[in-house]
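Reminder that position 11 of the sequence shown reads as 10 in numbering that gives the first Met the number 0, one-by-one numbering, no gaps.
Note sheet for the following structure.
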Amino acid sequence: MSESSLTVAILAGGAATRLHGRDKGMELLHGRPLIDWAMEVWASPGTTGSAEAVAASDVDVLIVANRNIDEYAQRARTVRDATDGFRGPLAGIAAALKTCTTQRMLTVPVDCPDPPRDLVPKLRAAMAANGANVAVAHDGERRQPLFAMYRRELAASASSAVQTGQGVWQWQDSIGAVEVDFSTQRRQFHNLNTPDDFAAYADVPRSRD
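Right, dumping it as structure tokens:
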């Protein structure tokens, strides 16, 4: 892969307690598993929405999951947390960074069907401008810690942070995260957590039409 190549790690390994423990990535939205919405965004041509973004052929999609591994593996290369149980999203990030083969890795949660189109170029530009190890989206109200781009050299740091019980936000601060303004696209970070969220999500994403 080229220097501009990117691994996109779709985080689908959570416990989904607000979905009564069901596997969120396999939950149906408009008759399709949620993971398929994410794959449509990140594994289709032009999905990153900018001439500056990497081409689809330069994207290595990786799914982080802790159950239904065979089903996820039919869609993309799949890894699971190195530790048993549901240790939180940082465990998934650590597992993904450990297997990342590109210089940079983007993380996105499986439960956001329509993320910002310019996520990749804006995070990449912020890393370059600041010489940062990680750039993370901010929606104008709060940080969106799972929408972040990392250098793969952070794999050991992420694994160590999991062992010491750090959360994603805390770890990002410790490695000098740069926040990137997405305040004009706040709605694009809308995520689905409960059965009511899925039922209420009546609008098929339009930002990529």
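Using N, Cα and C, we set each Cβ at its ideal position, and we do this for glycine too.
In this text, all values refer to a predicted model and were calculated from it rather than measured experimentally.
Scanning its chain for C-beta atoms nearer than 7 Å, with the 5 sequence neighbours on each side dropped, one finds no residue around Ala-198. Within 10 angstroms of the beta-carbon of Gly-24 lie 16 or more other beta-carbons, which makes it buried. For Thr-6, the enclosing beta strand (DSSP E) stretches over residues 5 to 10.
Between Leu-10 and the set Ala-147, Arg-151, Thr-101 and Gln-165, the nearest pair of CA atoms involves Ala-147. In the three-state reduction of the DSSP assignment, Thr-77 falls in the strand class.
Cβ contact annotation for Ala-42 (same chain, cutoff 6 Å, sequence separation greater than five): Val-60, in chain order. Residue range 142 to 150 is occupied by the beta strand (DSSP E) that includes Gln-143.
Counted as a single uninterrupted DSSP element, the stretch harbouring Met-104 is not any alpha helix (DSSP H) but the beta strand (DSSP E) occupying residues 103 to 108. Distances from the alpha-carbon of Asp-180 to those of Thr-6, Asp-69, Val-135 and Asn-190 put Val-135 closest. Around the beta carbon of Pro-88, a 10 Å sphere encloses 16 or more other beta carbons of the protein chains shown; the residue is thus reported as buried.
A distance below 8 Å separates the beta carbons of Glu-26 and Pro-32. When secondary structure is reduced to three states using DSSP, Leu-122 falls in the helix class.
With a minimum length of 3 residues, the unbroken runs of beta strand (DSSP E) contained wholly in the stretch 165 to 207 fall at 177 to 180. Fewer than three pairs of CB atoms, one per stretch, sit closer than 8 Å, so the stretch 151 to 158 makes no contact with the stretch 110 to 120. Taking C-beta atoms under 8 Å as the contact rule, Ala-8 and Met-126 fail to qualify, at a distance of about 16 Å. Per DSSP, Leu-89 is one residue of the alpha helix (DSSP H) stretching across 88 to 98.
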